[in-house]
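Worksheet: the structure to be examined is printed underneath.
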Amino acid sequence: MQLQPMAAERLSQAAPPANAAIAIDDVTLRFVTPDGHMMTAIRDFTMTVAHGEFACVVGPTGCGKSTTLNLVTGLLRPTTGAVRVMGNPVTDISRDIGFVFQADALFPWRSVIDNVAAGPLYRGTPKAEAYERARDWIGRVGLGRFEKHYPHQLSGGMRKRVALAQTFINQPKILLMDEPFSALDMQTRTAMQDELLGLWSEQKSSVVFVTHDLEEAVALADKVYVLTAGPGTVKSVYRIDLPRPRVMADIRYDPKFVEIAKVIWNDLREEVQLGQSRTLQTGH
Amino acid sequence: MQLQPMAAERLSQAAPPANAAIAIDDVTLRFVTPDGHMMTAIRDFTMTVAHGEFACVVGPTGCGKSTTLNLVTGLLRPTTGAVRVMGNPVTDISRDIGFVFQADALFPWRSVIDNVAAGPLYRGTPKAEAYERARDWIGRVGLGRFEKHYPHQLSGGMRKRVALAQTFINQPKILLMDEPFSALDMQTRTAMQDELLGLWSEQKSSVVFVTHDLEEAVALADKVYVLTAGPGTVKSVYRIDLPRPRVMADIRYDPKFVEIAKVIWNDLREEVQLGQSRTLQTGH
Amino acid sequence: ADKITIIVGGMEKQIYLPAVLAQQLGYFKDQGLDVELVNSRAGVEAENELLAGAVQGVVGFYDHTVDLQSKGKYIQSIVQFSQAPGEVELVSAKHPEIKSPADFKGATLGVTGLGSSTDFLSQYLAVRNGLKPGDYTLLPVGAGNTFIAAVKQDQIQAGMTTEPTIAQLLKTGEASVLVDMRTPEKTKEALGGPYPAASFYVQSAWLEDHKDEAQKLANAFVKTMKFIATHSAEEIADKMPKDYYAGNRDLYVQGLAGGKAMFTPDGRMPADGPPTVLKVLSTFSKSLQGKQIDLSKTYTTAFVDAAK
Amino acid sequence: MTAISPTADHAAVRDASIAIAESRARARLRHRHAMVIGLRLAILIVFLGLWELGADYNFIDPFFFASPSGIWQQIWSWITEGTSQGPLWLQIYVTLEETFLGFVIGALGGIAAGIILGRNRLLADVFSIYIKIANSVPRVVLGSVFIIALGLGMASKVALAVVMVFFVVFANAFQGVREADRAMIANAQILGASPFQITTSVIIPSAMSWILASLHVSFGFALVGAVVGEFLGAKQGMGLLISTAQGAFNANGVFAAMIILAVMALVVEFIITRFENYLVKWRPAPFNEQGA
Amino acid sequence: MTAISPTADHAAVRDASIAIAESRARARLRHRHAMVIGLRLAILIVFLGLWELGADYNFIDPFFFASPSGIWQQIWSWITEGTSQGPLWLQIYVTLEETFLGFVIGALGGIAAGIILGRNRLLADVFSIYIKIANSVPRVVLGSVFIIALGLGMASKVALAVVMVFFVVFANAFQGVREADRAMIANAQILGASPFQITTSVIIPSAMSWILASLHVSFGFALVGAVVGEFLGAKQGMGLLISTAQGAFNANGVFAAMIILAVMALVVEFIITRFENYLVKWRPAPFNEQGA
Ligand SMILES: Nc1ncnc2c1ncn2[C@@H]1O[C@H](COP(=O)(O)OP(=O)(O)OP(=O)(O)O)[C@@H](O)[C@H]1O
Ligand SMILES: Nc1ncnc2c1ncn2[C@@H]1O[C@H](COP(=O)(O)OP(=O)(O)OP(=O)(O)O)[C@@H](O)[C@H]1O
Ligand SMILES: [Mg+2]
Ligand SMILES: [Mg+2]
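Residue numbers (my numbering), protein chains in the order written: chain Z, 1 to 284; chain L, 285 to 568; chain R, 569 to 876; chain D, 877 to 1168; chain X, 1169 to 1460.
See below:
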C-alpha cells in the first residue's frame, strides 16, 4: 500500500516540472478586508497537476479552495508567486479551461439548450452541430424534457446539471470543478461522476475537483490535496492508487477504499477542528 | 422495530388534524412552461407536521421539494388544495416562519453582522440587543472573524452559515430548511446539525428539512418523507424512532440507524431510477 | 426658378403680416418665384441663418441691419413694411399713477427680451422723459401669454409689446395705452421721427448677384403693401389663415384696424427713418458705441422704385 | 411498501378541480384588466370634468388654460379643415419623422457609447468627463447652434432630438454594462467567448432592462427635442402649430397640439412595451404571480 | 505526517516579496491615475487648439462659433468687471439655487413616485399612462405655462428644472424597484420585515444604483431646465446672460456662459460621485481588480 502523504512536494521550493498541466508555484494571495487591512486567503501554496491527472482538493470551508481554482482560470491574480497552465504563465482567462462555478453562473435569458450550446457557438461550431451536441449533453444529464425551460424554471439540482453540460460539451483539456455535485441526490451524483470519469479518460484531460465529500474525492482522484484551515496552504498530498476504471456504485465497498478514506479523514479532521477552534476563539 | 412506511397518511383524503403545525392537504401546483403548456410540479401532495416535530424530505432532484417549502411560506400558491400553518390557511408570507433558502438570499449591501441582525431589527428588537444576539450567533456558526465582511467577500460555505445564523436568530416556531448544509464540510456540518437540534429541542419548533443526504435525514428526523420523481407526490413516510437526544458524531454507527437508512435507501433508489429512466427516455 | 426661403420672425404676428399675405394672395407665384416661408420667432436665429447663407431673406425688424453692421456684417432692407414699430407702451390698470414715461421711476418695465427693440425703445422713452438708466428696471417677459401674466401678477407695472397682446390687454381692461407707436404720427411724437420697423432684408453680398430675384420679390411685396393700403382690415383678415385668429377673430380685425396705419403704402423707406433708429440704438447699445455706421448701406429703395 | 397509484376516481376529481381553478384564475385576470381600464377612464373623466367645470365657472381661466370642449373643437377643426400649415396628418408625420430619426440615432449612439465606455475603464475615465460637460449644455442654446450648423431643415430638429435622447440612454447603458454579473461574464469568457461575443451575448442582455428603461423615458424626450427644434424655426410640424397657436392666444390650440403629441407618445410607448415584453420573456415573475 | 511549519527563512522571504508586490501595485495605480489626467488634458488641449486655429484661419466662423481666446477674454471680463446684470458670481448663485432646488425636488419626487408605483402593481397600471403623457409635453411650452401659473420669479424656473429631472429619475427608480431580487425580498419578508421595512432595507438599496445612474444625468437636466426658464423671462441668472449674449450676437458670451455651466455641472457631478462611492462600497470589484 503506497499510501503516503506526499508533503515533500509542498515543502520543496523547486520549480514544478515545466511540462505539468497546472503548476501553482509558491503563491500567496491577499484580499483587502472591509476595514482596510489585508487578509491572506492562501499562503505559500504549491500544487502541480500533471497532464491527464485527476486531482481532488478537500479542506475546511473558507480555506481557499475556490480561490485556488480562480487563480488557475486567471480570474484572480496571485499577490506573489506564479501560476502556469500548460507551461504558460496565466495572463488572461484561458479558453482551454472548463470551469464549473460553485455558485450559479448560467445565463438567465437563455433556455437550457441555448445555455448548453453557448460554448460550441462561441468557439465557432456551426449552429446545427452545436445544437445537436447540446441536445446530446442535455440528455446525458437527464434534462431532455427541459430543453426549452429558462434557468429560473429549474430546480437547484437541475441548474447545476445544466452547468455541468455547459462545461462538458466543450471537452476542455483542463477541467476545474467547484463542488459540482453537492446539490444532487446520491443517484444522480453517481451518474454524473461516471459521466465525468468517462469524459476524463476519453479526453485525457487534467482535472481539479473541489469537494467536501471525502469519499467522493477518494473515489475519483489520482491525488488528493488536503488544505489547512485558512489562510489555506497544502497540508498533505495523497496519491490514490485504486485501480481504474472505477465504478462509482461499487468502489465504496472496496476495503482499500475504506482504509484510504479513513487515513485522510483523520488528517482532515485534525485540520478542521483546528480551523474551528481558531474561528471560535476570535468568535466574539 | 416500528419501521413502516406510513403511506396510509398519503392515501387518506381525510383532512389533516386541525392542530398540526403544518398541513398540506391534497395540493397540486402547476407552472406554465415556456411553450405555454402547463407542467405539474407537485400533485396530490399531502403532508402533516405536528407541533415540535422534525420532518425531513428526500427525493430525486427536481421532484418538488423546494416547491413544497415555498407553498408553506406562502411564496407560491397551490393550484388546488389547501395549505395551513398553525391551523390558519396561508394567505400571506408568515412571520412565524424561518426559511433557509436553497440559493443565496443574503443582502449583499449588508455586512455579515448586519445581515444576521436583520431579523431582530425588523421585529423591533432594540439595536444594542439585536447586535449582541447577532454577534452571539455569528460566533456559533464560526464566523467571528468575518463580522464586518460583505457577502461577496465570503466563501460559499461561509455565506450559507450566515444564512443559517440569520434564520436561527429569529428562533422561529416553524423552521423550513432547503439543503442547508450541502455546501459545508463534514465537520462544520456536524456542528451545525448539533446547533440545529439544540435550537429545535429548546424552542419546541416544527421543522421541515430538505436534504439529499439520506443519512443526514435519518439522523435528524422524527419522520422522513420520500417523494416520487416529478411531478412529486409522497411515496412513503417513515417514522424514525431513534432515541433522543442524538449525538450527530456517533449516531451513524448505531446499528438501528444503519438498518433504517438501508430500508429507506432501497425505497428511494427505486424512485430515483424511475425518475432517471423517465427523463432519459424523453432525452432527445 | 430656384427656391427662395424667407424666414419670418413670427408668421402669425400682424407686424409681419405682408409676408404671409403675399403668399396667400399668390403674388410670389405671379412673379414666377418659388418662395417658402419659414417661421422662427427668435430674431437672432433668423439673422444667423441669413448670414450663414442658408436662407435668402428675412422678414424682421430694420434695426438689426444697423446692429449687424456694427459687427461687420452687411445686410440691407429692400422693402420696408412699416414706418412705425407697431409697439405700444402699456401701463397696468393697477398703476394709474403712471401717466407718462416720466413716472417710470422705480417701476419695472416689461420688454420682450433684452437687446430687443422693445428694450431700446422703452429705455429711449424713459431717457427722453428725463430719467436715467437705473431709475427703472427692465424685465424680459416675452410676448403673449407670459406678458399678460406678468401684468396680472403685477410683476411689471408697464411694458412694451405688440399686437395681438395689446388688443387682448385692452379688451380685458387690465392695461391701457401709455405711449402708442402704431401709427407714424404718434411714433414721430414719441420718438421724434418715424421708426422703420418690419422690413424685408437680405444679405448685401447676395443682393449683388441676385438683382433679378430681388426685384421680383420687391414687386410682390410692393403689390402686397398696396393691397393692404386699399383694403379694409376685415378684407385682409379674410385672406389670412384661420389659425392666426383662432383665439378671437374680432380682436384680430380690431387690432389690424388700429395698426394698419403703420404700414407703408408702397414699401419705401421713409428718408428720416434710419437716423431715428440709429439715434435710439446708439443711446443704449454697447456694441454701437464708438462705431461709425453707414446708414446708406442698411437699406435701398432701388427695387421698390423699380417695382411695377 | 404499499401500492400508491391513486384510484381513477381521485384522478378525475383532481383534473376537474384543476380545470375549475384555472378558469377561475383566468377570470381573475380578465376582471383585473377591466378594473385597470375602468380606473384609468374614471381618472380621465374626473380630471376632464373638473377642468371643464372650472373653465365654465372661471376658476380656471380658459384664456390661459383652455377647456376640454374647446380643445376638442380645435382638434376636430384641424382634422376636418386642416391647419394653417396644411393637413394635420402632415404635421404629425413631419414631427414623428424627426422624432423617430432622433430617437433611433440618439438611442443607438447612447447604447454604443455606453457599452464601449462601460467595457473599457480607461476610455470611461478619460471621456466620461466630456460627456458630462456636454450634458450640461442647455438644449435651447444647442438648438441655435444646430440651426446655424445644420440649417432650418429636418437635420437640426433631428440633432436636437438626438441630444435629448443620447445622455439618458448613455447613462443607463453605461451603468447597465457595469452592473453585469461578473460571474456570468467570467463564465462566458471561460466557455470561449471573445470580447465581442461577451458584449453581444452577456453584456447587452444583462444591460437590456437598463436600456429599455431609458428608452421608455427618452422617446418622450425625443419628441420634446423635435418640437423645441420646430419652435426655433420650421415650416411644418407640431411645434410650429404650437408656436402659431401661442402667438394667436389660442390656448385651445396649444393644448390640442400637446394632446396630439401625447397620443403619439402613447402609441410609440405601446410599441416599446410590446418589444420589451418580447425581449424579457425569460424573466421570472415575482413570487405569488407564478403558479397558475 | 510531516512537520509543515515553514522555515522562518521562507516566511521572511514571503513577507518581503509581498511588500514589494504591494508597493508595485500602488505604483501602478498612481501611474494609471496620472495617465488618465494626462489623456484628458491632451484631448482638451488638442480640441481647444484646433478650435482656436480654425477660428484664426476662418475655417470656423468665430462670429457663430466663438473662439477659445475670445471666450476666455469674455469670462475674464465677467469676472473682473461683472456682467451687465451684476456680478458673475450672483448669476451663478441664482442659477445654482434654482437648479439645486429643482434637482432635489424632482429627484425626491421621482424616487418616491418610482418606489410607490414600482411596489404597487395596480397603481402602476393605472397611473403610468398619465406619467407617460406628462413626459411627452414639450418643456418649452410647459415653461410658459409655469410662468403664467407661478410668475416670473424663482418658482417657475424651479418647476421647469423639476419636470426635467422627475421623469428620468422616476423611470429608473421604477425599474430599479421592479428589478429587486425576488428571493431577497422574500427573505426579508420571512425574516419579519414590514412592507415599509422591505422598502427601506431591500428595495431602496437594490434600486440604488439605478437611482444614482439617473441622478448623474439629471443634474445636467436640472441645469438645462433652470436655464431654459431664465431664457423665457428672468432678472438674473446664467440663462439671461446667454439670452442677452445671443441677442447681441455675442457668440463668445454664449459659449463662455455654457462653459461656466459645464464647470458647475462638473463640480456637482464630483459630489454625486463621492456620495455614490460611499453608498456602494459593499459592491464586489470586477474580477482581476480584486487581489491586492
Ligand atoms: N473578494 C474578497 N475579499 C476579501 N476576502 C475574500 C474575498 N473572496 C474570498 N475571500 C476570503 O478568502 C477565503 C477563501 O475563500 P474561498 O472562497 O476560496 O473558500 P473555499 O475554500 O472555496 O470555501 P467553501 O468551501 O466554503 O466554498 C475566505 O476566508 C474568504 O473570506
Ligand atoms: N417558475 C417555474 N416555472 C416552471 N417550472 C418550474 C418553476 N419552478 C420550478 N419548476 C419546476 O418544478 C419542479 C420542481 O422544482 P423544485 O425546485 O421544487 O425541485 P427540488 O425538489 O427542490 O429539486 P432540487 O433537489 O434540485 O432542488 C421542477 O421540475 C422544475 O422544473
Ligand atoms: Mg468555495
Ligand atoms: Mg430545491
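The beta carbon of each residue, even a glycine, is placed where N, CA and C say it ideally should be.
A quick note: this is a predicted structure, and the numbers were derived from the prediction, not measured.
- Where do the N-terminal and C-terminal ends of the alpha helix (DSSP H) with E1265 (chain X) fall, by residue? Numbered from 1 along the fifth sequence, position 97 holds the residue referred to as residue 1265 (chain X). Its alpha helix (DSSP H) spans residues 1256 to 1287.
- Task: Under the assumption that L824 (chain R) contacts A797 (chain R) (Cβ atoms under 8 Å), give the Cβ distance between them as a whole number of angstroms.
- Result: Here residue 824 (chain R) corresponds to residue number 256 of the third sequence, with the count starting at 1. Here residue 797 (chain R) corresponds to residue number 229 of the third sequence, with the count starting at 1. In this structure L824 (chain R) is not in contact with A797 (chain R), their Cβ atoms being roughly 13 Å apart against a cut-off of 8 Å.
- Note down, in chain order, every chain D residue with its Cβ under 8 Å from the Cβ of E1429 (chain X). The count along the fifth sequence starts at 1 and reaches residue 1429 (chain X) at position 261. Checking the sequence shown, residue 1429 (chain X) turns out to be Leu, not Glu. Within 8 Å Cβ-Cβ: S1012, V1013, P1014.
- Task: With DSSP as the reference, label R77 (chain Z) as helix, strand or coil.
- Result: On the first sequence, position 77 is the one that residue 77 (chain Z) refers to. In this structure, R77 (chain Z) counts as coil in the three-state DSSP scheme.
- Item | is_contact[A1351 (chain X), chain L] using C-beta, thresh 8 Å | As a working note, residue 1351 (chain X) is residue 183 in the fifth sequence. With 8 Å as the cut-off, A1351 (chain X) counts as an interface residue toward chain L.
- Query: In or out: I204 (chain Z) buried (at least 16 other Cβ within 10 Å) or exposed?
  - Reply: As a working note, residue 204 (chain Z) is residue 204 in the first sequence. For the sequence presented, residue 204 (chain Z) should be read as Lys rather than Ile. By the neighbour-count rule (16 or more Cβ atoms within 10 Å), K204 (chain Z) is not buried but exposed.
- Nearest-angstrom Cα separation, counted from A449 (chain L) out to W421 (chain L): Here residue 421 (chain L) corresponds to residue number 137 of the second sequence, with the count starting at 1. Here residue 449 (chain L) corresponds to residue number 165 of the second sequence, with the count starting at 1. Approximately 6 Å between the Cα atoms of the pair.
- In chain R, which residues lie less than 9 Å from F940 (chain D) when you measure between Cβ atoms? Taking the first residue of the fourth sequence as position 1, residue 940 (chain D) is located at position 64. Neighbours of F940 (chain D) on chain R, chain order: N713, I716, A717.
- Message: One question on the structure: do S638 (chain R) and K859 (chain R) come within less than 8 Å of each other, judged by their Cβ atoms?
- Response: Taking the first residue of the third sequence as 1, we reach residue 638 (chain R) at position 70. Taking the first residue of the third sequence as 1, we reach residue 859 (chain R) at position 291. Their beta carbons are under 8 Å apart, which means S638 (chain R) touches K859 (chain R) by this criterion.
- Message: Quick check: is any heavy atom of ligand 1 less than 7 Å from the C-beta of K160 (chain Z)?
- Response: As a position in the first sequence, residue 160 (chain Z) is number 160, starting the count at 1. For ligand 1, not one heavy atom lies less than 7 Å from the Cβ of K160 (chain Z).
- Task: Tell me where the alpha helix (DSSP H) around V100 (chain Z) begins and ends.
- Result: On the first sequence, position 100 is the one that residue 100 (chain Z) refers to. Not the alpha helix (DSSP H): V100 (chain Z) falls in the beta strand (DSSP E), residues 97 to 100.
- In three-state DSSP terms, what is A221 (chain Z)? Taking the first sequence and counting its residues from 1, the one referred to as residue 221 (chain Z) is at position 221. DSSP places A221 (chain Z) outside both helix and strand once states are collapsed to three, so it counts as coil.
- Measuring alpha carbon to alpha carbon, tell me which of R:A874, R:Q723, R:A801 ends up nearest K662 (chain R). On the third sequence, position 94 is the one that residue 662 (chain R) refers to. Closest in alpha carbon position to K662 (chain R), among R:A874, R:Q723, R:A801, is R:Q723.
- For P1160 (chain D) and chain B, any beta-carbon pair shorter than 8 Å? Looking for chain B here will not work: the only protein chains present are Z, L, R, D and X.
- Since I1316 (chain X) meets chain D, which of its residues come closer than 7 Å, beta carbon to beta carbon? One-based indexing of the fifth sequence puts residue 1316 (chain X) at position 148. Within 7 Å Cβ-Cβ: F940.
- Query: Closer than 8 Å, CB to CB, is A888 (chain D) near chain L or not?
  - Reply: The count along the fourth sequence starts at 1 and reaches residue 888 (chain D) at position 12. Not closer than 8 Å to any Cβ of chain L, the Cβ of A888 (chain D) fails to qualify, so no.
- List the residues of chain D whose Cβ lies closer than 7 Å to the Cβ of A622 (chain R), in chain order. Counting from one through the third sequence, the residue named residue 622 (chain R) turns up at place 54. The CB of A622 (chain R) comes closer than 7 Å to the CB of G1027, L1028 in chain D, given here in chain order.
- Item | Min CB distance S1411 (chain X) to chain R below 8 Å | Start at 1 with the first residue of the fifth sequence, and residue 1411 (chain X) comes out as number 243. So yes, S1411 (chain X) belongs to the interface.
- CB of G440 (chain L) to nearest heavy atom of ligand 3: below 7 Å? Translated into positions along the second sequence, residue 440 (chain L) becomes position 156. Yes.
- Task: Between the Cα of V623 (chain R) and those of R:V588, R:I574, R:G640, R:D602, spot the shortest distance and give me the residue it belongs to.
- Result: As a working mapping, residue 623 (chain R) is identified with position 55 in the third sequence. When only C-alpha atoms are compared, the closest one is R:I574.
- Which value, in whole angstroms, describes the spacing of the CA atoms of T495 (chain L) and F181 (chain Z)? Numbered from its first residue, the second sequence carries residue 495 (chain L) at position 211. Numbered from its first residue, the first sequence carries residue 181 (chain Z) at position 181. Looking at the two C-alpha atoms, the distance is approximately 13 Å.
- DSSP state of Q644 (chain R) mapped onto helix, strand, coil: Within the third sequence, the letter at position 76 stands for residue 644 (chain R). Residue state, collapsed to three classes: strand.
- Message: Assuming T61 (chain Z) and T28 (chain Z) are in contact, meaning their beta carbons sit under 8 Å apart, how far apart are those beta carbons, in whole angstroms?
- Response: Residue mapping note: residue 61 (chain Z) aligns to position 61 of the first sequence, counting from 1. Residue mapping note: residue 28 (chain Z) aligns to position 28 of the first sequence, counting from 1. Contact doesn't hold; Cβ gap of about 20 Å is too wide.
- Any non-hydrogen atom of ligand 3 closer than 7 Å to Q455 (chain L) Cβ: For the purposes of this step, residue 455 (chain L) is taken as residue 171 along the second sequence, with counting starting at 1. Q455 (chain L) Cβ: outside cutoff for every heavy atom of ligand 3.
- Item | Near ligand 4: K65 (chain Z) beta-carbon under 7 Å from a heavy atom | Your numbering for residue 65 (chain Z) matches position 65 in the first sequence. No, ligand 4 has no heavy atom inside 7 Å of this Cβ.
- Which partner residues does E657 (chain R) have in the DSSP bridge list? Residue mapping note: residue 657 (chain R) aligns to position 89 of the third sequence, counting from 1. Paired residues: R:M728, R:V747.
- Task: In angstroms with no decimal places, state the Cα-to-Cα distance between V1156 (chain D) and S1374 (chain X).
- Result: Here residue 1156 (chain D) refers to the residue found at position 280 when the fourth sequence is read from its first residue. Here residue 1374 (chain X) refers to the residue found at position 206 when the fifth sequence is read from its first residue. Each residue's Cα considered, the two are about 20 Å apart.
- Message: Any heavy atom of ligand 2 closer than 7 Å to the beta-carbon of H321 (chain L)?
- Response: For the purposes of this step, residue 321 (chain L) is taken as residue 37 along the second sequence, with counting starting at 1. Incorrect: H321 (chain L) has no Cβ contact closer than 7 Å to ligand 2.
- Item | The alpha helix (DSSP H) enclosing E604 (chain R), as first and last residue numbers | Against the third sequence, residue 604 (chain R) aligns to sequence position 36. Careful: E604 (chain R) lies outside any alpha helix (DSSP H), inside the beta strand (DSSP E) at 602 to 607.
- Backbone CA spacing between R133 (chain Z) and I113 (chain Z) [nearest angstrom]: In the first sequence, residue 133 (chain Z) corresponds to position 133, counting from 1. In the first sequence, residue 113 (chain Z) corresponds to position 113, counting from 1. Roughly 10 Å separates the two Cα atoms.
- Query: From N115 (chain Z) to R135 (chain Z), what distance separates their C-alpha atoms?
  - Reply: The residue given as residue 115 (chain Z) occupies position 115 in the first sequence. The residue given as residue 135 (chain Z) occupies position 135 in the first sequence. One C-alpha to the other measures close to 11 Å.
- Item | Cβ contact (3+ pairs, closer than 8 Å) linking the region 1042 to 1052 of chain D and the region 954 to 966 of chain D | no
- For L677 (chain R): DSSP bridge partner residues: Position 109 of the third sequence, counted from the start, is the residue given in the question as residue 677 (chain R). Per DSSP, R:L706, R:A726.
- In terms of residue numbering, what span does the beta strand (DSSP E) encompassing L176 (chain Z) cover? Position 176 of the first sequence, counted from the start, is the residue given in the question as residue 176 (chain Z). For L176 (chain Z), the uninterrupted beta strand (DSSP E) segment begins and ends at 174 to 178.
- Can I169 (chain Z) and V226 (chain Z) be called in contact, C-beta distance under 8 Å? Position 169 of the first sequence, counted from the start, is the residue given in the question as residue 169 (chain Z). Position 226 of the first sequence, counted from the start, is the residue given in the question as residue 226 (chain Z). Not closer than 8 Å, so no.
- Taking only heavy atoms of ligand 4 into account, decide whether any of them is closer than 7 Å to the Cβ of D462 (chain L). If you number the second sequence from 1, residue 462 (chain L) lands on position 178. D462 (chain L): yes, Cβ under 7 Å from ligand 4.
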